[in-house]
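Working notes, beginning with the structure itself.
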Amino acid sequence: MKLRAHRFKQNALEALANPVLQASMKKAKGKFVDKRAIAIKEIDDFEATREAAKEIRNRVIENLDLWLEKFEQAAAARGAHVLWAKDGAEICRLVVDIGRKHGVKKAVKSKSMLSEEAGLNLALEAAGIQPVETDLGEYILQINDNEPPSHIIAPVVHKSLDEVADLFQKTHHTPRKTDIPQLTREAREVLRQHFLSAEMGISGGNFLIAETGSVALVTNEGNGRMVTTLPRVHVVITGIEKVIPTLEDLATLMRLLPRSATGQSISNYVSVLTGTKAEGESDGPEHLYFILVDNGRAEVVGSEFQDMLRCIRCGACMNHCPVYQTIGGQAYGWVYPGPMGSVLTPLYTGLENAIDLPHAATLCNQCGVVCPVKIPLPDLLRKLREKQVERHLRPWFERLAFRLWAWVASRPALYGLGTRFAVRYLKWLADGKGSIPRLGLAPEWTRGRNFPTPEGRTFRELYAQRGRA
Amino acid sequence: MSSRDDILGRVRARLNRTPENAVTGRAAIEAALAMKAQGPRPAMPSQKSALVERLVEKSLGFSSTVERIGTYNDAPAAVARYLAGLDLPLRAVVWPQLAHLDWSGAGLTVEARGAVDRDPVGITGCFCAIAETGTLMLCGGPESPASVSLLPETHIALVPASRIVAGMEEGFALARAELGQLPRAINFVSGPSRTGDIEQTIVLGAHGPYRVHLVVVEND
Numbered sequence: 194m195k196l197r198a199h200r201f202k203q204n205a206l207e208a209l210a211n212p213v214l215q216a217s218m219k220k221a222k223g224k225f226v227d228k229r230a231i232a233i234k235e236i237d238d239f240e241a242t243r244e245a246a247k248e249i250r251n252r253v254i255e256n257l258d259l260w261l262e263k264f265e266q267a268a269a270a271r272g273a274h275v276l277w278a279k280d281g282a283e284i285c286r287l288v289v290d291i292g293r294k295h296g297v298k299k300a301v302k303s304k305s306m307l308s309e310e311a312g313l314n315l316a317l318e319a320a321g322i323q324p325v326e327t328d329l330g331e332y333i334l335q336i337n338d339n340e341p342p343s344h345i346i347a348p349v350v351h352k353s354l355d356e357v358a359d360l361f362q363k364t365h366h367t368p369r370k371t372d373i374p375q376l377t378r379e380a381r382e383v384l385r386q387h388f389l390s391a392e393m394g395i396s397g398g399n400f401l402i403a404e405t406g407s408v409a410l411v412t413n414e415g416n417g418r419m420v421t422t423l424p425r426v427h428v429v430i431t432g433i434e435k436v437i438p439t440l441e442d443l444a445t446l447m448r449l450l451p452r453s454a455t456g457q458s459i460s461n462y463v464s465v466l467t468g469t470k471a472e473g474e475s476d477g478p479e480h481l482y483f484i485l486v487d488n489g490r491a492e493v494v495g496s497e498f499q500d501m502l503r504c505i506r507c508g509a510c511m512n513h514c515p516v517y518q519t520i521g522g523q524a525y526g527w528v529y530p531g532p533m534g535s536v537l538t539p540l541y542t543g544l545e546n547a548i549d550l551p552h553a554a555t556l557c558n559q560c561g562v563v564c565p566v567k568i569p570l571p572d573l574l575r576k577l578r579e580k581q582v583e584r585h586l587r588p589w590f591e592r593l594a595f596r597l598w599a600w601v602a603s604r605p606a607l608y609g610l611g612t613r614f615a616v617r618y619l620k621w622l623a624d625g626k627g628s629i630p631r632l633g634l635a636p637e638w639t640r641g642r643n644f645p646t647p648e649g650r651t652f653r654e655l656y657a658q659r660g661r662a
Numbered sequence: 070m071s072s073r074d075d076i077l078g079r080v081r082a083r084l085n086r087t088p089e090n091a092v093t094g095r096a097a098i099e100a101a102l103a104m105k106a107q108g109p110r111p112a113m114p115s116q117k118s119a120l121v122e123r124l125v126e127k128s129l130g131f132s133s134t135v136e137r138i139g140t141y142n143d144a145p146a147a148v149a150r151y152l153a154g155l156d157l158p159l160r161a162v163v164w165p166q167l168a169h170l171d172w173s174g175a176g177l178t179v180e181a182r183g184a185v186d187r188d189p190v191g192i193t194g195c196f197c198a199i200a201e202t203g204t205l206m207l208c209g210g211p212e213s214p215a216s217v218s219l220l221p222e223t224h225i226a227l228v229p230a231s232r233i234v235a236g237m238e239e240g241f242a243l244a245r246a247e248l249g250q251l252p253r254a255i256n257f258v259s260g261p262s263r264t265g266d267i268e269q270t271i272v273l274g275a276h277g278p279y280r281v282h283l284v285v286v287e288n289d
C-alpha cells in the first residue's frame, strides 16, 4: 500500500468534508465499543487476563530470536517451508516465486495486513497471478480499484450501503440491490467459484505457535478456512513478532482478541493449522509456506518502543479513539490507522514520513485503557513527538515558535506582560460571550470547537493580589 | 547474507545475545514449553450436566440450534426430523467415522466422504466441544474431513455429552493425549459463518454454513 501518511492533515480535512464518510463513521460509532463493554464482563478477572496476555507477549519478544528458531524448527518438522522477508519487496518476490513454482494462476486471499504492507496484489497481477480478496470488506475494496482499508477488522466501515450496491452492480453486472443479506449472498456465490478454482491460498496469521509450529487464524466469515482447506498451496505471511509459546497461551489470548475486536466471546472460526495434508486426507494443502517478515520490526526490538510489538491487532484502540471516530482510517495514510497506526507507521516507515501521526491523538488514554495487552499507547506517542523534536523534524515555524516561547518564558517580567496582554485581548475578542467562536491568530483551533473565554486576569496577577490580602 | 540470517542477526544484536545468554534463554524456553502454564480462567462448572447446559446456552447465543437425544442410535432420526422441519434436502455428506449409523433407515441418503460445492448438508461429529464459549472442536483427518463442516449450507454436528469439556485448554490437552501430534487442521466452530462488513449489519452464511445444528448425544 502506498504511503500517504505525510499528507495526514490534508487527508483529515478531506475526511471531515466528506458527507458519506461522516455519515458512515457516525453510524458505526459506539457499536464495537458497546459490544466490547458487555463481552469483557464475562471474564471473571479481566485485568488479570490482560496482565497474563501482556506477559505472554513480552516473554516472546524478550527472546524473540530464540522463539523464532523454535517455531521454525517445529514448523519444518511438520513439512512446512519457513522463509524470511526483510521488506515488502521481498514478500512479493517470494510469493510470486512460490506461485510460479506451483503453476498458480489464481490466489485466494484471507485478510492479511502484511500483504497490504507489501502491496502484494499489484505484484501478483504484474506476474500474471490473479489475486482475489475473500473477506467481504476486502473484496469490496478490491473491486473498487484496490482502495485501501480504513480499519484492520472492519475494512469498509467508512462505506455506505449505496456505495456497495453501486459497486456490485457495476462489477457483477447484476440488477442493483440494496438488501444487505442479498448483497452478501451475491458475494458468496461469486467468491465460492474463486475458492474452488484457485491453486493457492494466502493468509495472514493471528499467532504462530512455537510449541507446535502452527499458525492460528481467526475469522468470522469462514474465508480463512476456505483458503486454507481448498487450494493445494497455502502461504502464511506474518510479522516476526507474532510468535507465542504454547497452545495454552493461545487459549488465554483468545479470551481477549475477539472480545476486544468485535465484542464476541469467541470468533465464529478459529483454526490451528499445522503442516500439510496427511496421508489419506481428502482436503488441505499439499504445500505450506510461512513467510516471516521484518519490514521494520527488528529495529523495534530492544528499543524504547518495544511494547508496541505486543500488539495483537484487535482494533480496540481505533474503535475507542475520538480522532479515529471522526476522520476514519484512510486519513492515517498507511495500513494501520488509529492510535496503534500512529505508532507503527512512523516506526516501520520512518519518523520523517509520518510527521503528523504522533500528533493525531488527544492523549486521552482511551486506547491505553482498552488495549488487551496493555500497550501504553499515549506514552509511545509522546516519545515519538520527543524524537521528532530531537531530530529537528518539526516544521521551521513550529520550532521558531517554541524557541520564541522559551525565550519569553525564561524572562518573568516579559512573560507577565505578555500574558496580561493576551488575556485582555482574548476577553476583548469574546465580546462579553462565554466563548470565542474563532481565534484570529490560530483559526485551526476553533474550526470544530469554541475557545473558552479567560476569566479576565492571569494567574500571576491573582496570586499577587491574594498575597497582598 | 540470507534474509533469515540478516533478520535474526539484527534481532540478536538488539537483544544483546551472547552464546552464554543463549544457553540460559533456550533453557527458559524449554521450561516454558514443558510447563504449559495456563492463564487466568473464567469459573466453569465441574459437573458434566452443568457443562452440557452451558454448551447449549452458549451455542444458542451464537445462532446455532440444539437438540438433545439419548443415544447415537437416535441420531439419524433426529437429523432427518430437523432437515424435514426446515424443508431441506434429505441428502448429506457425513464424516466416514459416522458412516456406520443407520442413516438410510431414517430416510436419509448419505455419502461418507469429503464435501464438494453443491452438497446441501454436512454431518460431522466433533473431537470435543467447549462449554465456555459453546464451541465445537473439529480435528481434520481421513475419517473427519474439514470440508464437511465448511462447504454445505447446513452443518449438523453430533456432540457426545462425554466429550464436552470446560475450555480450549482441556481440548488441547485431549488432542495431545489422544492424537500425539496435532492434526493438520483443528477448526473451532462457534455457530454459522457471519459477516458484519456492510454497515455493521450481521448477516449469517458469509462463506460457510448458514445454519449449525448441534445434536447432543447424552448417553454415548
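As you go down the protein sequences, you meet chains A and B in turn. Position 219 of the first sequence, counted from 1, bears residue number 412 in the numbering used here, the numbering being contiguous throughout. Position 123 of the second sequence, counted from 1, bears residue number 192 in the numbering used here, the numbering being contiguous throughout. Think of the CB as a built atom: it goes at the ideal place given N, C-alpha and C, for glycine as much as any other residue.
Nearest-angstrom Cα separation, counted from residue j out to residue i
{"i": "lysine 222 of chain A", "j": "glutamine 518 of chain A", "result": "6 Å"}
{"i": "leucine 360 of chain A", "j": "asparagine 337 of chain A", "result": "7 Å"}
{"i": "glycine 139 of chain B", "j": "cysteine 564 of chain A", "result": "45 Å"}
{"i": "asparagine 643 of chain A", "j": "glycine 633 of chain A", "result": "12 Å"}
{"i": "leucine 537 of chain A", "j": "leucine 410 of chain A", "result": "22 Å"}
{"i": "arginine 452 of chain A", "j": "cysteine 504 of chain A", "result": "15 Å"}
{"i": "isoleucine 233 of chain A", "j": "isoleucine 254 of chain A", "result": "26 Å"}
{"i": "glutamine 581 of chain A", "j": "glycine 543 of chain A", "result": "11 Å"}
{"i": "cysteine 507 of chain A", "j": "glutamate 89 of chain B", "result": "37 Å"}
{"i": "methionine 501 of chain A", "j": "valine 163 of chain B", "result": "46 Å"}
{"i": "glycine 203 of chain B", "j": "leucine 120 of chain B", "result": "10 Å"}
{"i": "glycine 376 of chain A", "j": "histidine 366 of chain A", "result": "Sequence inspection shows leucine at residue 376 of chain A; the glycine mentioned does not correspond to that position. If I take the Cα positions, the gap works out to 13 Å."}
{"i": "phenylalanine 590 of chain A", "j": "proline 636 of chain A", "result": "16 Å"}
{"i": "serine 262 of chain B", "j": "leucine 273 of chain B", "result": "6 Å"}
{"i": "serine 72 of chain B", "j": "isoleucine 284 of chain A", "result": "11 Å"}
{"i": "proline 645 of chain A", "j": "valine 616 of chain A", "result": "11 Å"}
{"i": "leucine 570 of chain A", "j": "tyrosine 141 of chain B", "result": "54 Å"}
{"i": "aspartate 170 of chain A", "j": "methionine 447 of chain A", "result": "Nothing about residue 170 of chain A can be read from this structure; chain A reaches only from 194 to 662."}
Neighbouring residues, chain B, relative to residue i (Cβ below 8 Å)
{"i": "lysine 224 of chain A", "result": "Gln269"}
{"i": "tyrosine 462 of chain A", "result": "Asn256, Phe257, Val258, Ser259, Ser262 and Gly277"}
{"i": "asparagine 416 of chain A", "result": "Ala275 and His276"}
{"i": "alanine 245 of chain A", "result": "Gly108 and Pro109"}
Residue j beta carbon less than 8 Å from that of residue i
{"i": "asparagine 416 of chain A", "j": "aspartate 328 of chain A", "result": "yes"}
{"i": "asparagine 512 of chain A", "j": "glycine 281 of chain A", "result": "no"}
{"i": "threonine 431 of chain A", "j": "leucine 389 of chain A", "result": "no"}
{"i": "glycine 611 of chain A", "j": "valine 601 of chain A", "result": "yes"}
{"i": "leucine 287 of chain A", "j": "alanine 300 of chain A", "result": "no"}
{"i": "lysine 626 of chain A", "j": "glycine 649 of chain A", "result": "no"}
{"i": "alanine 216 of chain A", "j": "asparagine 546 of chain A", "result": "no"}
{"i": "serine 464 of chain A", "j": "asparagine 256 of chain B", "result": "yes"}
Residue i: contacting residues in chain A (beta-carbon distance under 8 Å)
{"i": "aspartate 186 of chain B", "result": "Arg385 and Leu389"}
{"i": "glutamine 166 of chain B", "result": "Ordered by position in chain A, no residue passes the 8 Å Cβ test against glutamine 166 of chain B, which lies about 13 Å from the chain."}
{"i": "valine 125 of chain B", "result": "Within chain A, no residue comes near valine 125 of chain B; the closest Cβ sits about 15 Å away, beyond 8 Å."}
{"i": "glycine 176 of chain B", "result": "The premise fails here: glycine 176 of chain B is roughly 26 Å from chain A at the closest Cβ pair, so nothing lies under 8 Å."}
Interface partners of residue i on chain A, CB under 9 Å
{"i": "phenylalanine 241 of chain B", "result": "Thr439, Leu440, Glu441, Leu443, Ala444 and Val465"}
{"i": "arginine 280 of chain B", "result": "Within chain A, no residue comes near arginine 280 of chain B; the closest Cβ sits about 13 Å away, beyond 9 Å."}
Beta-bridge pairing of residue i - partner residues as DSSP gives them
{"i": "leucine 388 of chain A", "result": "Rather than leucine, the amino acid found at residue 388 of chain A in this sequence is phenylalanine. Answer is none; phenylalanine 388 of chain A lacks a bridge partner."}
{"i": "proline 324 of chain A", "result": "A:Ala300"}
{"i": "threonine 223 of chain B", "result": "B:Val190 and B:Arg280"}
Reference residue i; option with closest CA among the options
{"i": "valine 319 of chain A", "options": "A:Leu440, A:Asp290 and A:Leu622", "result": "A quick correction: the sequence has alanine, not valine, at residue 319 of chain A. Measuring from the Cα of alanine 319 of chain A, the nearest candidate turns out to be A:Asp290."}
{"i": "isoleucine 192 of chain B", "options": "B:Gly174, B:Leu129 and B:Pro165", "result": "B:Pro165"}
{"i": "valine 281 of chain B", "options": "B:Gly108, B:Met104, B:Leu155 and B:Pro109", "result": "B:Leu155"}
{"i": "histidine 274 of chain A", "options": "A:Gln386, A:Ala491, A:Thr467 and A:Trp527", "result": "A:Thr467"}
{"i": "alanine 244 of chain B", "options": "B:Ala161, B:Gly210 and B:Val185", "result": "B:Gly210"}
{"i": "threonine 439 of chain A", "options": "B:Pro114, B:Ala103 and B:Val92", "result": "B:Ala103"}
Contacts of residue i in chain B (Cβ-Cβ under 7 Å)
{"i": "methionine 447 of chain A", "result": "Met237"}
{"i": "leucine 407 of chain A", "result": "The residue you asked about is not leucine; residue 407 of chain A is serine in the sequence shown. Under the 7 Å cutoff, chain B gives Leu251."}
{"i": "isoleucine 236 of chain A", "result": "Pro111"}
{"i": "glutamate 404 of chain A", "result": "Leu102"}
{"i": "arginine 575 of chain A", "result": "Ordered by position in chain B, no residue passes the 7 Å Cβ test against arginine 575 of chain A, which lies about 22 Å from the chain."}
{"i": "lysine 263 of chain A", "result": "Ile98"}
Short CB-CB distance (under 8 Å) between residue i and chain C
{"i": "asparagine 339 of chain A", "result": "This model lacks chain C altogether, as its protein chains are A and B."}
Chain B contact residues for residue i, given Cβ-Cβ distances below 9 Å
{"i": "alanine 311 of chain A", "result": "Within chain B, no residue comes near alanine 311 of chain A; the closest Cβ sits about 14 Å away, beyond 9 Å."}
Contact test: residue i Cβ vs the ligand NAD heavy atom, cutoff 7 Å
{"i": "leucine 283 of chain B", "result": "Absent from the structure shown: the ligand NAD. Ligands present: none."}
Residue i: contacting residues in chain A (beta-carbon distance under 7 Å)
{"i": "arginine 73 of chain B", "result": "Trp277"}
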